[in-house]
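Structure record follows, encoded as structure tokens.
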Amino acid sequence: MQCHFTVYRFNPQADKKPRYHEYRIDAEPTDKILDCLNKIRWEQDATLAFRSSCAHGICGSDALMINGRVELACQKLVRDFKTGNNFVIEPLPLFEVVKDLIVDLEPFFEKYRQVQPYLKPGKNDSDKEFIQQAENQEFIEPALRCILCASCTAGCPINRANPDYLGPAALLRAFRYIFDSRDSITEERLERIDTEDGIWGCKTMWWCTEVCPKEIPITKCLGQIKRAVKQKDKGG
Amino acid sequence: MKHQYDVIIVGAGLAGLRAAVEIGKDAHVAVLTKVFATRSHSGAAQGGIGAALGNEEEDHCEWHMFDTVKGSDYLGDQDAIEILANDAPRAIYELENLGVPFNRTSEGKIAQRAFGGHTRNYGEAPVKRACYAATRTGRVILDTLWEQSLQRGIEFFDEFQMLSLIGQDGQCCGVVAYELSTGKLHTFHCKAVMLATGGAGKIYKTTSNAFASTGDGMAIAYRAGAPLEDMEFVQFHPTGIYKLGILISEAARGEGGILLNNEGERFMERYAPVIKDLAPRDMISRCMLEEMRAGRGIDGKDYFHLSLTHLGEDVIEKKLAEITSFARTYAGVDPVKEPIPVQPTCHYMMGGIATDADGRVIVDEQNTPFAGLYAAGECACVSVHGANRLGCNALLDTLVFGRRAGMALKAFNQSVARPKLPAKPEKNDADTIQALMNSTGKETSGPIRAELQESMMENVSVFRQKDSLNTALAKIAQLKKRYQNLSIQDKGNCFNRDLLDAIELGHLLDLAEVITRGALHREESRGAHSREDFPERDDKTFLAHTLARYDAVKGPQIFTKPVTLTKFEPKERTY
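So the sequences go chain by chain: A and B. Going by my numbering, the first sequence opens with residue 1304, and the numbers climb by one from there. Going by my numbering, the second sequence opens with residue 8, and the numbers climb by one from there.
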């Protein structure tokens, strides 16, 4: 069936401002939006730029705005939309456009690096694995689903208002290590984000949870951090 | 632009990152990667990583070694396989201590589950050997190693495409790379290069592999004079989602899932009475095709049902979370209630750049090293997988041999000076790109790639025979000719995917030729290589590695190297 794609185009080397280009392609209801973009690129317009790699929602390359909503292009099929086979494709909001649908994610990764995203292990008395209770592993499990696609951060209204806010993805990573029983610097981690641009930047607006393509209950995880910070303050 | 380092690692999947973490601050190292590091295809590995920890039941490294040797159809080098199996528990404990969040047993140890071809006591029954984190094992290890690299201050050049290797005085001393965001060429001058560029599944139409899996490292090393080993062995994973090729992990069968034909029969019971649906991948893919030919595909078509419904919602949602979501999203089926339609999908290259067990690339049958060039992971062939890789040995391979390559690189770095750069190291690549950009040829990458993928799928997949292989070779020759007539529509230099497609397509064409030549040479059936005109394994003639050396005029030159046998004599392979 015929689908109509309106695609955001911007080449900073040639264009003064962004424009929208219209494409018509034949697509199956079961085609991914990414398949459609590839079809446009391979058959009609080789200059269209977008990122992709695994094409099944695990590498996190292809988060875009599809019909005004943040989505992974490889995880949404044509049949998932009730817009009469009309699609508007735009780059992720919040970030600077490098070309067409490609944005500069360096500010996103910079925030991520700020939360010390690595285990600072305590002493392991065994020469084998740390003993970790299954319940503890399951508690942090939601955060392990994160693929760093930046959907949540791009979708977060606080991030748009306050560029210094760490944002949901970085805080979710903080959550993953704060609650990992093998980690030894929980207090330091909590203190580090106990700021207005840190965990208190989150105003519980749920947009991150709403757009997360891996269905991570991000807002809830951030709520757990808030509770831990409060408990630390009470205790100390 | 010029950069100087001690070591350049190309590829930021598990093998590359494990080596980078090993080298750490002991040498000045940088990692080049064509996709941002955490987008590397190691992250798509689902089911697990094998190690005889014995956390769930009795297990031994020697059992793991035996299973891997038998799984390889006796083509794997047993000295290397012994290293792999013996080093596995250490590698897992190390990962866990670095923070990898494995699933846990009720005692808080690393949980393990069954996987294809892994058995108790030399083939008696399946054994729980795969350590896992739901069905995102590769992803959590990738994230952990990337974060460890950040902590160690490893430098990354993300979205840089390697174009060629630089050599001087018989030593590899650098890489020319193309920066995707600017179109600029960069020269990375160093003492040693390690290739960790992954597989080449995009040679085939139906594949579980990423768009990035175009065998760049294999093709570039091959053109630079490094022989490729055992390339005819291409793994078709039995359970790709029908028509899409997206992987449904073997863990689904490890947890008890079964394959059914159109009569509702669990057909693997007939072919592998002992381990049934946990037979190795080569065997199951072959059995599926035989069932299909007998008219027992679902609806008479070319797919089967993978049924998980009897496992219960808890196991499906918790232990198989990722694949459950894939089935729902892409196949539109809910595995809790209905079976998943599956068919074999191109998954893994057993072959690759010939190396020794320390990641040194070798140039001949005497294992003479290619000075300054290292490789590990899917792009390399040690060989631990031989003619067929067992599930959960790929992640293990990247970690064990990525680390060993890292250690060898540290020693090499101490022992040599940085060779001088040859004059104008970028010139060849600059000329090639210029010629492509200026070409007025009538061809574009898309159709050539599609025809290559179709021909390889049709003629050089699970079953092969002389005629089909010759058909494929003729097709490849014709496509190579058309490739000379390629032009680039995108004239810009910012994220010019059109140009990158063309470069990658050149790699796919070269590798497809090596695979097909090797398959034609090997007149026997072994592991993933099934010749219908030579259905038996022939140890007398072909218990040997196939090596292919690049010759720009005559095409791949085939020679052989003996297999290292130590503990296990080749036997008939039944399960």
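Glycine included, C-beta positions come from ideal geometry on N, C-alpha and C.
- For the region 95 to 110 of chain B, the residues whose beta carbon sits under 7 Å from a beta carbon of chain A are, in order, Tyr100, Glu103, Asn104, Leu105, Gly106, Pro108 and Asn110.
- When DSSP states are grouped into helix, strand and coil, Lys1423(A) belongs to the coil group.
- Within chain A, Arg1416, Pro1420 and Tyr1421 have C-beta atoms less than 8 Å from the C-beta of Leu157(B), given in sequence order.
- Shown in chain order are the members of the region 492 to 515 of chain B whose Cβ falls below 7 Å from a Cβ of chain A: Gln496, Asp497, Gly499, Cys501, Phe502, Arg504 and Asp505.
- Close to Glu1399(A), with beta-carbon spacing below 7 Å, lies no residue of chain B; the smallest spacing is near 12 Å.
- When CB distances to chain A are screened at a threshold of 7 Å, the residues of the region 202 to 235 of chain B falling below it are Ala217, Phe218 and Ala219, in chain order.
- Remark: C-beta atoms of Ser47(B) and Thr40(B) approach each other more closely than 8 Å.
- Contact between the region 130 to 138 of chain B and the region 25 to 41 of chain B is not established, with fewer than three Cβ pairs separated by less than 8 Å.
- In chain A, no part has a C-beta under 7 Å from the C-beta of Val368(B); the shortest such distance is about 26 Å.
- Secondary structure remark: continuous alpha helix (DSSP H) runs of at least 4 residues inside the region 1415 to 1465 of chain A, in chain order: 1437 to 1447, 1454 to 1458 and 1460 to 1464.
- Cβ-Cβ separation between Tyr381(B) and Leu327(B): approximately 36 Å, too far for a contact (criterion under 8 Å).
- Take the alpha-carbon of Arg25(B) and the one of Gln155(B): they are about 9 Å apart.
- Look at Cys1362(A): its C-beta is under 8 Å from a C-beta on chain B.
- Interface annotation, Thr567(B): not in contact with chain A, CB-CB separation never under 8 Å.
- Just measuring C-alpha positions, the residue of Pro1315(A), Phe1308(A), His1307(A) and Gln1305(A) sitting nearest Thr189(B) is Pro1315(A).
- One thing to note: Gln1436(A) has its Cβ no nearer than 8 Å to the Cβ of Gly261(B).
- The region 65 to 76 of chain B makes no contact with the region 1375 to 1390 of chain A; the number of CB pairs closer than 8 Å stays below 3.
- Here Asn420(B) really is in contact with Ala34(B); their C-beta atoms are around 4 Å apart, less than 8 Å.
- Following the DSSP letters along the chain, one finds His528(B) in no beta strand (DSSP E) but inside the alpha helix (DSSP H) bounded by residues Arg504 to His528.
- Inter-residue distance for Leu251(B) and His312(B) is about 15 Å (C-alpha atoms, whole angstroms).
- Membership of Thr1309(A) in the beta strand (DSSP E) is indicated by the continuous run Gln1305 to Arg1312.
- In the structure shown, the three-state DSSP call for Ala1366(A) is strand.
- For Glu270(B), there are no neighbours in chain A by C-beta distance under 7 Å, as the nearest C-beta there is about 27 Å away.
- In this model, Thr581(B) and Gln1527(A) are separated by some 53 Å (Cα to Cα).
- Judged by DSSP secondary structure, Ile227(B) falls outside any beta strand (DSSP E) and instead within the alpha helix (DSSP H) spanning Asp223 to Arg230.
- At a cut-off of 8 Å between beta carbons, Phe243(B) makes no contact with chain A.
- In terms of Cβ geometry, Met238(B) and Leu493(B) do not form a close pair [threshold 8 Å].
- Counting only residues of its own chain and dropping the five nearest sequence neighbours on each side, Asn500(B) has a CB closer than 7 Å to the CB of Thr189 and Gly190.
- For Glu1393(A), no chain B residue has a C-beta closer than 9 Å to its own C-beta; the minimum C-beta separation is roughly 16 Å.
- Close CB contacts of Ser1356(A) within its chain, under the 7 Å cut and outside five residues either way in sequence, are with Cys1362 and Ser1364 (chain order).
- Residues Val17, Gly18, Met169, Leu202, Ala203, Thr204, Gly205, Ile360, Ala382 and Cys386 of the same chain have their beta carbon placed closer than 8 Å to that of Gly224(B), with the five preceding and five following residues left out of the count.
- Per DSSP, reduced to three states, the secondary structure at Met299(B) is helical.
- Linking Lys32(B) to Val200(B) through their CA atoms gives a straight-line distance of about 17 Å.
- Nearest Cα to Ala1457(A) within the set Glu1374(A), His1324(A) and Phe1313(A): Glu1374(A).
- Fully enclosed alpha helix (DSSP H) runs of no fewer than 4 residues occupy 223 to 230, 258 to 261 and 275 to 278 of the region 223 to 296 of chain B, in order along the chain.
- Proximity of Val42(B) to chain A, defined by a Cβ-Cβ separation below 8 Å, is satisfied.
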